[in-house]
């Protein structure tokens, strides 16, 4: 049985990660792991403080592990061959980068980098959709541009498989779907 392939959707705020993760999960009939930061902000009515960043990073990782364990168990029970995807709406690396950007705290990079090598592919959502305010988690178009550059630099430095995904609506989905068909 093949283990499920973790697919990371990475990008700065307002780059369509959640929408694309949901679309891909539906299209491939696979699970997706929502962004824990969003749930944290909704639950607490605020963005995390510096000393809570590690919790955000680790909880995202735990949610990914739970999704993989659930899919592996379901595949075993059904006698399937596995090899399915799990779409991760962001990654621990996002938390490390935002911790650096917002708090000038680089302490989470080692852990985030070690975790990022687990992904079979990272889809880097480009900031070409236009910035949209969305509650507590939105810093603005300036942050979007800076964080996008930081993310691409990290992925390049790590040497992990990644591809930029751009365009709006159907063209963005089609580009991502084509990359994933090749990975299957």
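Residue numbers (our numbering): 13 to 196. Backbone N, C-alpha and C define an ideal beta-carbon position, used for all residues, glycine too.
Query                                                                            : Result
Spatial distance of residue 80 from residue 16 (CA atoms)                        : 7 Å
Candidates 111, 181, 132, 193, of which the one nearest residue 29 by Cα         : 181
Within 8 Å, strictly: CB atoms of residue 162 and residue 113                    : yes
Rounded separation between residue 35 and residue 160 - CA only                  : 22 Å
Cβ-Cβ separation, residue 104 to residue 72 (assumed contact under 8 Å), whole Å : 5 Å
Residue 53 in three-state terms, based on DSSP                                   : helix
Cβ-based burial, residue 45 [other Cβ within 10 Å; buried from 16]               : buried
Proximity of residue 21 and residue 33 at Cβ, strictly below 8 Å                 : yes
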